[in-house]
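>
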Amino acid sequence: MIQNLKEVTSLNPKATKKVILWEIAHSVLIACPSGILLIIIWELFAPQPNIQKIGMVVGFMLLMLLLQLFIALRSLILNNELVYDLSSKLRIKLGNRIQRFSLGFFKKKDPGEIASIVLQDVSNFEGIFGHSFGNLTTAIFGTVALSGFLFIYDWRLTLCLLAVLPLIYPFLQAANYVVRKFGKKKIEARNQVGALFLEYLQGIRHLKSYGLTGAKHERLERAFQDLRKKSIQLEALPGPMILMSAILFEIGFLAMLALGLYYLQGQTISIPVLITFLILGYNLYGPLKIVMVDYLVLRFMNESLDRVLAILKEPTMETTENEIPRNYSIQFDQVSFGYLDTLNLKDINFSIPERSMCALVGHSGSGKTTLASLLARFWDVQTGSIKIGNVDIRQINQDKFYSFISEVFQEVYLFDDSIYNNIKIGRPGASKEEIIAAAEKAQVLDFLWDLPEGIDSLVGEGGSKLSGGQKQRISIARALLKDAPIVILDEATASLDPENEIYIQQAIQELVKSKTVLVIAHKLSTIQQADQIIVLDKGMIAEKGKHTELLQQQGIYSNMWHIQQQTGGWKMAKT
Numbered sequence: 179m180i181q182n183l184k185e186v187t188s189l190n191p192k193a194t195k196k197v198i199l200w201e202i203a204h205s206v207l208i209a210c211p212s213g214i215l216l217i218i219i220w221e222l223f224a225p226q227p228n229i230q231k232i233g234m235v236v237g238f239m240l241l242m243l244l245l246q247l248f249i250a251l252r253s254l255i256l257n258n259e260l261v262y263d264l265s266s267k268l269r270i271k272l273g274n275r276i277q278r279f280s281l282g283f284f285k286k287k288d289p290g291e292i293a294s295i296v297l298q299d300v301s302n303f304e305g306i307f308g309h310s311f312g313n314l315t316t317a318i319f320g321t322v323a324l325s326g327f328l329f330i331y332d333w334r335l336t337l338c339l340l341a342v343l344p345l346i347y348p349f350l351q352a353a354n355y356v357v358r359k360f361g362k363k364k365i366e367a368r369n370q371v372g373a374l375f376l377e378y379l380q381g382i383r384h385l386k387s388y389g390l391t392g393a394k395h396e397r398l399e400r401a402f403q404d405l406r407k408k409s410i411q412l413e414a415l416p417g418p419m420i421l422m423s424a425i426l427f428e429i430g431f432l433a434m435l436a437l438g439l440y441y442l443q444g445q446t447i448s449i450p451v452l453i454t455f456l457i458l459g460y461n462l463y464g465p466l467k468i469v470m471v472d473y474l475v476l477r478f479m480n481e482s483l484d485r486v487l488a489i490l491k492e493p494t495m496e497t498t499e500n501e502i503p504r505n506y507s508i509q510f511d512q513v514s515f516g517y518l519d520t521l522n523l524k525d526i527n528f529s530i531p532e533r534s535m536c537a538l539v540g541h542s543g544s545g546k547t548t549l550a551s552l553l554a555r556f557w558d559v560q561t562g563s564i565k566i567g568n569v570d571i572r573q574i575n576q577d578k579f580y581s582f583i584s585e586v587f588q589e590v591y592l593f594d595d596s597i598y599n600n601i602k603i604g605r606p607g608a609s610k611e612e613i614i615a616a617a618e619k620a621q622v623l624d625f626l627w628d629l630p631e632g633i634d635s636l637v638g639e640g641g642s643k644l645s646g647g648q649k650q651r652i653s654i655a656r657a658l659l660k661d662a663p664i665v666i667l668d669e670a671t672a673s674l675d676p677e678n679e680i681y682i683q684q685a686i687q688e689l690v691k692s693k694t695v696l697v698i699a700h701k702l703s704t705i706q707q708a709d710q711i712i713v714l715d716k717g718m719i720a721e722k723g724k725h726t727e728l729l730q731q732q733g734i735y736s737n738m739w740h741i742q743q744q745t746g747g748w749k750m751a752k753t
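Each residue of the sequence shown is one higher than the one before, counting from 179 in the numbering used here.
(1) If you reduce the DSSP assignment to three classes, tell me which class SER754 lands in.
(2) Taking 8 Å as the cut-off, decide whether the C-beta atoms of ASN190 and ASP263 are in contact.
(3) Within 10 Å of its beta-carbon, does ASP332 have 16 or more other beta-carbons around it, so buried, or fewer, so exposed?
(4) Residue range of the alpha helix (DSSP H) that LEU324 falls in?
(5) Should GLU585 be labelled buried (16 or more other beta-carbon atoms within 10 Å of its own) or exposed?
(6) Do the region 561-579 and the region 597-611 meet, that is, are 3 or more Cβ pairs less than 8 Å apart?
(7) Beta carbon of ILE698, beta carbon of LYS546: below 8 Å?
(8) Taking DSSP's pairing of strands, which residues face ASP511 in a bridge?
(9) Find out if the Cβ-Cβ distance for the pair LEU272, LEU490 is shorter than 8 Å.
(10) If we require 4 or more residues per run, which alpha helix (DSSP H) segments fall completely within the region 213-289?
(11) For a minimum of 3 consecutive residues, which ranges assigned as the beta strand (DSSP E) are wholly contained in the region 554-611?
(12) Under 6 Å Cβ to Cβ from LEU340, same chain only, skipping five residues before and after it: list those, please.
(13) How long is the line joining the alpha carbons of GLN744 and GLU499, rounded to whole angstroms?
(14) Any chance the CB of LEU702 is under 7 Å from a heavy atom of the ligand PLP?
(15) Please state if the CB of LEU553 and the CB of GLU717 are separated by a distance shorter than 8 Å.
(16) Look up SER188 in the DSSP assignment and say whether it is helix, strand or coil.
(17) Can you tell me whether DSSP reads LEU521 as helix, strand or coil?
(18) For CYS338, I'd like the list of residues in its chain whose CB is within less than 8 Å of its CB, leaving aside the five on either flank, ordered along the chain.
(19) May I ask you to verify whether the region 315-331 touches the region 520-540, counting CB pairs closer than 8 Å and requiring at least 3?
(20) When burial is assigned at 16 or more other CB atoms within 10 Å of the CB, is HIS740 buried or exposed?
(21) Just the Cα atoms here: how many angstroms apart are LEU247 and GLY237?
(22) Between which two residues does the alpha helix (DSSP H) carrying MET419 extend?
(23) If you count every other CB in all the chains shown that lies within 10 Å of the CB of VAL513, and 16 or more means buried, which is it?
(24) Excluding the five sequence neighbours on either side, which residues of its own chain have a C-beta within less than 6 Å of the C-beta of GLU669, listed in chain order?
(25) Is VAL713 near GLY516, with beta carbons less than 8 Å apart?
(26) Could you check the C-alpha separation between LEU297 and SER581 for me, to the nearest Å?
(27) Are the beta-carbon atoms belonging to LEU458 and ILE449 less than 8 Å from one another?
(28) Taking buried to mean at least 16 other C-beta atoms within 10 Å of its own C-beta, is TYR591 buried or exposed?
(29) Near ALA620, what residues of its chain come up, given a Cβ to Cβ distance below 6 Å and the 5 sequence neighbours on each side ignored?
(30) On the CB-based measure, 16 or more other CB atoms within 10 Å of its CB, does LEU199 come out buried or exposed?
(31) Where LYS362 and VAL471 are concerned, what is the direct C-alpha to C-alpha distance, given to the nearest angstrom?
(32) State the Cα-Cα distance for the pair ALA373 and GLY290, rounded to the nearest angstrom.
(33) With burial defined as no fewer than 16 other Cβ atoms inside 10 Å of the residue's Cβ, what is the status of SER253: buried or exposed?
(34) According to DSSP, simplified to helix, strand and coil, what is VAL300?
(35) Would you check if there are 3 or more beta carbon pairs closer than 8 Å linking the region 353-371 to the region 401-410?
(36) Please state the DSSP three-state secondary structure of LEU696.
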């Protein structure tokens, strides 16, 4: 756990050291009044108590309490500033790390689990410094300071009080095992609840249409019940271990009392010393009892830190190399790739000359989108290489690499912001005139007049306030504004009505001018003019050539073309 904390606090080591020093000072000052109280006790047992001396000690105690208050407030402020500074930096660091992962990471992790790590697990870390850390320092340094005072008066009784500490170790270890085991189960149950709840919300429209909201709700309810069960186990099972530790503290105090009475009877200690141990000896265990509970909380929070640090140690697709392509031609050289154990692409070899258009066609599952995703470096190839201008894309700085590529997908995601800002994502430094020009070329201005605030209208989450065609035009405007030399089009017009398709085709023509273009298309009529058409079948290149050449080969492409021609005018028939 200490190693985990070191890695996190390295985000602001100077402030961390300052907080630790203030917490130590606060812990020692908490114990000091108890030590000063010993002076008053001894003076009261003197044959003629010095009232003036007692008054001076009381005044000194008052100053100590005022100093303690000042240090406590200062420590609290610095502690909270550090906690929220570290947690915000940690979340930013996680976000920066996550965006550099391959999409394979997101196939292994549920979105709900990732959100849980960034939100809840980091919040658990806040609890370590915000609450438990102060109790821990008080238990350690406060106990040491108070033990020092008691040791001066009688080392035998002090050792008797401290002798109980090693005895609680087995109970702590047992509680630690329970927390580690059931803590992981609780986190898994919590993640399952988050994933199912997110799935329920995302699929609510489909569940309603099929009348399955109740069935899916039962599944979610079972997940909540499981989380409740795991939470109770985590809270209840370590309880007996903590109770046994508390009982041992009581036994330690009673043993000290018995030993003190024995020494008093043998006249080897005085009554003031025994009274001192009766008053302060019991206080010695106070911070330790509190930290026993906090220790278990810290162990559970450590599970959260483990998950956070696992994300920070996950390998990214970043490279220390920074090669610059000489041109924007594309080469696929013996590329093979698979998501799990099965290869989805095998021995892919082809080139796309600079400023030419290459179209990928094939049946569903043939590997078209996978190939485009590899070029966009959402994943890295398992064997072979993909090159831009004879430079392996893995040797290009990631930020520089993405400046070379614009993508327009069939499924468009818009952020819950204005149309203007969604287009501006393409190039954040663009002027208003450039953004308007891109919107005009992408046919966006044609529908702005119907919106209450024009280009400043909010699109809703994911673009929910716009139609599919409108979202697609904004996506193309974004790509036009970026003006990258390589363009990837993935089924950009597949799900549009004829009217919108005309607008989108016009916008795409503007987008691909003088660019190196890789386009995925089901509608073969849209790629007849492509410089090169690659036909994929079962993850391999089956055919390659221009439209007329492939028709003459009488193969897969020719068959797909004739089927589309025959079904172009299909209609519903009533029987």
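Just so you know, even glycine gets a beta-carbon here, dropped at the ideal spot from N, CA and C.
Reading from the atomic positions:
(1) A question about residue 754 goes unanswered here, because the residues of the chain that appear run from 179 up to 753.
(2) yes
(3) buried
(4) 321-331
(5) buried
(6) Put simply, the region 561-579 does not touch the region 597-611. Fewer than three CB pairs are less than 8 Å apart.
(7) yes
(8) Within the DSSP bridge table, the entry for ASP511 names SER563 as partners.
(9) Going by beta carbons, LEU272 and LEU490 fall inside the 8 Å limit.
(10) 229-276, 281-286
(11) 561-566, 583-587
(12) none
(13) 52 Å
(14) Among the components of this structure there are no ligands whatsoever, and the ligand PLP is therefore not found.
(15) A quick correction: the sequence has Gly, not Glu, at residue 717. Not a contact, by the Cβ cut-off of 8 Å.
(16) coil
(17) coil
(18) GLY430, ALA433, MET434, LEU437
(19) no
(20) exposed
(21) 15 Å
(22) 417-443
(23) buried
(24) GLN588, ILE698
(25) no
(26) 30 Å
(27) no
(28) exposed
(29) ARG651, ILE654, ALA655, LEU658, ALA685
(30) It is exposed - the Cβ of LEU199 has fewer than 16 other Cβ atoms within 10 Å.
(31) 18 Å
(32) 5 Å
(33) buried
(34) Of the three classes helix, strand and coil, the one that applies to VAL300 here is helix, per DSSP.
(35) Inter-segment contact for the region 353-371 and the region 401-410 is present: three or more beta-carbon pairs are separated by less than 8 Å.
(36) In the three-state DSSP reduction, LEU696 falls in the strand class (E or B).
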